[in-house]
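Undergrad: Same order as they appear, the protein sequences are chains F and Z. Under my numbering, the first residue of the first sequence carries the number 1, and numbering increases by one thereafter. Under my numbering, the first residue of the second sequence carries the number 1, and numbering increases by one thereafter.
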Amino acid sequence: MPKQLPVTEPLDTYTLNMGPQHPSTHGVLRLRLMLRGEQIVVAEPVIGYSHRAHEKMAENRTYAQFLPNTSRQDYLSGMIYNFAWVEAVEKFAGIAVPERALVARVILAEFNRISSHLLWIGAFLMDLGAPTPFLYCWDDREAILFLLESVTGSRLTYCSGRFGGLNRDLDDDFPRRAREVLAKLKARWDEYERLIEDNVIFRGRAIGVGILTRDQCLSYGVTGPTLRGSGVPYDVRKAEPYGAYPRFEFDVPTRSEGDVLARYLVRVLEMKQSVRIIEQALEALPAGPILTPDSIGVKKRLKLPVGTQYYAVESARGHYGILLVSEGGTEPYRAKFRTPSYPNLAVLGDVMPGSYVADAVAVLGSVDLVMPEVDR
Amino acid sequence: MSAPADIVRTLDELGLTVPAPVEHPFTGAVESRWVAPDQIAVACQMFRDADYFFESLTCVDRIAPHGVFELIYTFNRWGLPSRVACRVWAPQDRPVPTVSGVFGGADWNEREAWEFYGVSFAGHPNLTWLLLPEGTEFRPLLKTFTAPPPSEYDDSLDAPPAPPADAQAAPGH
Numbered sequence: 001m002p003k004q005l006p007v008t009e010p011l012d013t014y015t016l017n018m019g020p021q022h023p024s025t026h027g028v029l030r031l032r033l034m035l036r037g038e039q040i041v042v043a044e045p046v047i048g049y050s051h052r053a054h055e056k057m058a059e060n061r062t063y064a065q066f067l068p069n070t071s072r073q074d075y076l077s078g079m080i081y082n083f084a085w086v087e088a089v090e091k092f093a094g095i096a097v098p099e100r101a102l103v104a105r106v107i108l109a110e111f112n113r114i115s116s117h118l119l120w121i122g123a124f125l126m127d128l129g130a131p132t133p134f135l136y137c138w139d140d141r142e143a144i145l146f147l148l149e150s151v152t153g154s155r156l157t158y159c160s161g162r163f164g165g166l167n168r169d170l171d172d173d174f175p176r177r178a179r180e181v182l183a184k185l186k187a188r189w190d191e192y193e194r195l196i197e198d199n200v201i202f203r204g205r206a207i208g209v210g211i212l213t214r215d216q217c218l219s220y221g222v223t224g225p226t227l228r229g230s231g232v233p234y235d236v237r238k239a240e241p242y243g244a245y246p247r248f249e250f251d252v253p254t255r256s257e258g259d260v261l262a263r264y265l266v267r268v269l270e271m272k273q274s275v276r277i278i279e280q281a282l283e284a285l286p287a288g289p290i291l292t293p294d295s296i297g298v299k300k301r302l303k304l305p306v307g308t309q310y311y312a313v314e315s316a317r318g319h320y321g322i323l324l325v326s327e328g329g330t331e332p333y334r335a336k337f338r339t340p341s342y343p344n345l346a347v348l349g350d351v352m353p354g355s356y357v358a359d360a361v362a363v364l365g366s367v368d369l370v371m372p373e374v375d376r
Numbered sequence: 001m002s003a004p005a006d007i008v009r010t011l012d013e014l015g016l017t018v019p020a021p022v023e024h025p026f027t028g029a030v031e032s033r034w035v036a037p038d039q040i041a042v043a044c045q046m047f048r049d050a051d052y053f054f055e056s057l058t059c060v061d062r063i064a065p066h067g068v069f070e071l072i073y074t075f076n077r078w079g080l081p082s083r084v085a086c087r088v089w090a091p092q093d094r095p096v097p098t099v100s101g102v103f104g105g106a107d108w109n110e111r112e113a114w115e116f117y118g119v120s121f122a123g124h125p126n127l128t129w130l131l132l133p134e135g136t137e138f139r140p141l142l143k144t145f146t147a148p149p150p151s152e153y154d155d156s157l158d159a160p161p162a163p164p165a166d167a168q169a170a171p172g173h
């Protein structure tokens, strides 16, 4: 006679643990899915596997000592996070930044944004079973990494921002090399369109899947390309212009469908806008010092006035906010990092129920999660 | 859509908020307000109805000077700069009403404030560990926190094992 183990949940539903070591969760994320047949009834993201207490570390380090931590929160757009910390402290302390450094930061940050989006496209298409785009994206991303490495010395966890500028100047040959990379990228857009967007299998898996409504975005604070795929033209670079962004022309692409395909298309359009920004910035790159002469450097201790400040930038994943509380000391009294992937993941508990388990990978991939950024 | 100045004036007139004093100035926000702990859910509902999105919730340890936790809620809108900061001074021993029913994004943020500081949120559906391991008993972001002794399973702090006595010295150099 067959044995039966004791049943702990109603027989028509069962629980499936997706992760924490699943290849399509992009880092250590666990999704607790309750399924009825193949349909998702409850989806609960379980996070915290890569929590490193960046906020506690910030309280025990001087402002300069925290610099290497910044790009380790989001390792795919580390440059943007590094500059965000530098700019937040500069704004709080009232440190002036030379023109050349402001424009150079825009160039480097936008290259970093393109490389982050390229990696996402490759990895996302791989999730959906298409390995070819991965190789194309990797090739293009490599050109960007090579360029950024020549300026910053790192390929992934950049730490080139300094309070008052950058640690290294762009060399005379940089604009030529940068334009070469841009030309290579621009030659690829049509190829991507034919390879990915026109692919009937990709469209079948992406259209109408994982629809994110405007109200869900409002409730959870969803930002970035994920929000713009739901038709809201919110971009911190436009809403709260910072650095040298106000002087460059660019559009904020949106799509109104709110599905997986919309989020894909928004990111592709965004890369083209980044190219547009970089082209203008290379033209406008002024001569002069890259670091303000009265920079205090990384060794001396910087003291910020008493107060609280919120500073936001647009990272590759959305609204990245730094809330700094200073009590006048050389270390932050409190540093809070409002990372964009955190609400973008939280909202999935609301989005996924009703869709099928095979679509879970597509929906999860489409919001472009970086788990170390969620867990901090 | 109402401007940030309009909604905070409405809130002030309803007696829900008072303009924040200047000894800890808040920059980066268009408006900054003090909110009494038991009024925060009502104030949040008004932000929700006025199309604000939930931006962040930060807890700050103000126990040593004032005996309270400072909770900083920031709300923002998709458009012109319109960040509004609502600051709640929550006494250590009194729970704060949850706003997770109003803003879905508050759910995880409140769990974070609970596990890192011990702020309790009345009415939260699932106030449990989010980023820390289940069962963690310490509150790591409190200023009084000192690291607990390493677990008996954690041998990373032990001295490296001594080389065997018959180990050969490396040739050359």
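Heads up, the beta-carbon is just placed ideally off N, CA and C, and yes, glycines get one too. Source: prediction; values computed, not measured.
Determine whether the beta carbon atoms of F:P233 and F:T213 lie at a separation below 9 Å.
TA: no
Undergrad: I want to verify the contact list: residues of chain F whose CB lies under 7 Å from the CB of Z:S56, in sequence order.
TA: Near Z:S56 (Cβ distances below 7 Å), the residues of chain F are G321, L323, K336, R338.
Undergrad: Along the stretch 78–100 of chain Z, where does the CB come closer than 9 Å to a CB of chain F? Name the residues.
TA: Within the stretch 78–100 of chain Z, the qualifying residues are W78, G79, L80, P81, S82, R83, A85, R87.
Undergrad: Quick one: is F:A383 near chain Z, going by C-beta distance under 9 Å?
TA: Past the boundaries of the shown model lies residue 383 of chain F; chain F is included only from 1 to 376, so the question cannot be answered.
Undergrad: From F:V367 to F:F66, what distance separates their C-alpha atoms?
TA: 28 Å
Undergrad: Could you work out which residue in F:L269, F:F146, F:A346 is closest to F:E44 when comparing CA atoms only?
TA: F:A346
Undergrad: With DSSP run on the structure shown, which of helix, strand or coil describes F:P378?
TA: This structure leaves residue 378 of chain F out entirely; chain F is present only between 1 and 376.
Undergrad: Can you find the residues in the same chain that come closer than 6 Å, C-beta to C-beta, to Z:A29, ignoring five residues on each side of it along the sequence?
TA: R83, A85
Undergrad: Consider the Cβ of F:Y395: report whether some Cβ of chain Z lies at a distance smaller than 9 Å.
TA: This structure leaves residue 395 of chain F out entirely; chain F is present only between 1 and 376.
Undergrad: Report the residues of the stretch 70–97 of chain F with a CB closer than 7 Å to any CB of chain Z, ordered along the chain.
TA: none
Undergrad: Where F:T13 and Z:N126 are concerned, what is the direct C-alpha to C-alpha distance, given to the nearest angstrom?
TA: Per the coordinates, the alpha-carbon of F:T13 lies some 22 Å from the alpha-carbon of Z:N126.
Undergrad: Assign F:F163 to buried or exposed, taking buried as 16 or more other Cβ atoms, counted over all protein chains shown, within 10 Å of its Cβ.
TA: buried
Undergrad: Given that Z:W34 touches chain F, what residues does it touch there, using C-beta distances under 7 Å?
TA: By Cβ distance, chain F contributes nothing, its closest Cβ being about 13 Å from Z:W34, past 7 Å.
Undergrad: Quick one: does Z:P19 have its CB under 9 Å from some CB of chain F?
TA: no
Undergrad: Check whether the Cβ atoms of F:R203 and F:E270 sit closer than 9 Å, and answer yes or no.
TA: no
Undergrad: What number of angstroms, rounded off, separates the C-alpha of F:L108 from the C-alpha of F:V370?
TA: 20 Å
Undergrad: With DSSP collapsed to three states, give me the class of F:H319.
TA: strand
Undergrad: Contact criterion: CB-CB distance below 9 Å. Does F:S219 meet it with respect to chain Z?
TA: yes
Undergrad: Examine the Cβ distances between the stretch 278–289 of chain F and the stretch 233–251 of chain F and report whether three or more of them are shorter than 8 Å.
TA: At 8 Å Cβ cutoff, the stretches touch.
Undergrad: Which residues of chain Z have a Cβ atom closer than 9 Å to the Cβ of F:Y342, listed in chain order?
TA: G105, W108, N109
Undergrad: Excluding the 5 residues flanking Z:A90 on each side, which residues of the same chain have their C-beta closer than 7 Å to its C-beta?
TA: P37, V68, F69, L71, V96, V119
Undergrad: Can you find a CB in chain Z that lies within less than 9 Å of the CB of F:P246?
TA: no
Undergrad: In terms of residue numbering, what span does the beta strand (DSSP E) encompassing Z:P91 cover?
TA: Where Z:P91 is concerned, the enclosing beta strand (DSSP E) starts and stops at 84–91.
Undergrad: Determine the chain Z residues that contact F:E314 at a beta-carbon separation under 7 Å, and present them in chain order.
TA: Near F:E314 there are no residues of chain Z at all, since even the closest Cβ is about 13 Å away, more than 7 Å.
Undergrad: Touching or not, the stretch 318–336 of chain F and the stretch 179–196 of chain F, by the rule of three or more beta carbon pairs under 8 Å?
TA: no
Undergrad: For F:I95, which three-state DSSP category applies?
TA: coil
Undergrad: Would you say F:A206 and F:A362 are within 9 Å of each other, going by their C-beta atoms?
TA: yes
Undergrad: Compare the C-alpha of Z:A3 against each of Z:V88, Z:F47, Z:F116, Z:V18 and name the closest.
TA: Z:F47
Undergrad: Mind checking Z:G172: buried by the 16 CB within 10 Å criterion, or exposed?
TA: Because Z:G172 sits at a pLDDT of 46, beneath the cut-off of 50, its placement in the model cannot be relied upon, and the following sentence gives the value as read from the coordinates. Flag for Z:G172 reads exposed.
Undergrad: Rounded to whole angstroms, what's the CA-CA distance from F:L364 to F:I211? Just pull it up for me.
TA: 12 Å
Undergrad: Looking at the C-beta of F:K56, does it have a partner C-beta in chain Z at a distance below 9 Å?
TA: yes
Undergrad: Rounded to whole angstroms, what is the Cα-Cα separation between F:T330 and F:Q273?
TA: 39 Å
Undergrad: Mind listing which residues of the stretch 118–141 of chain Z have their C-beta closer than 8 Å to chain F's C-betas, in chain order?
TA: For chain F, the residues of the stretch 118–141 of chain Z that bring a beta carbon within less than 8 Å of one of its beta carbons are W129, L130, L131, L132, P133, P140, L141, in chain order.
Undergrad: So what's Z:P4 in DSSP terms, helix, strand or just coil?
TA: helix
Undergrad: Going by beta-carbon coordinates alone, are Z:V99 and Z:E110 separated by less than 9 Å?
TA: yes
Undergrad: Could you tell me the alpha carbon to alpha carbon distance between F:L147 and F:F111, rounded to whole angstroms?
TA: 9 Å
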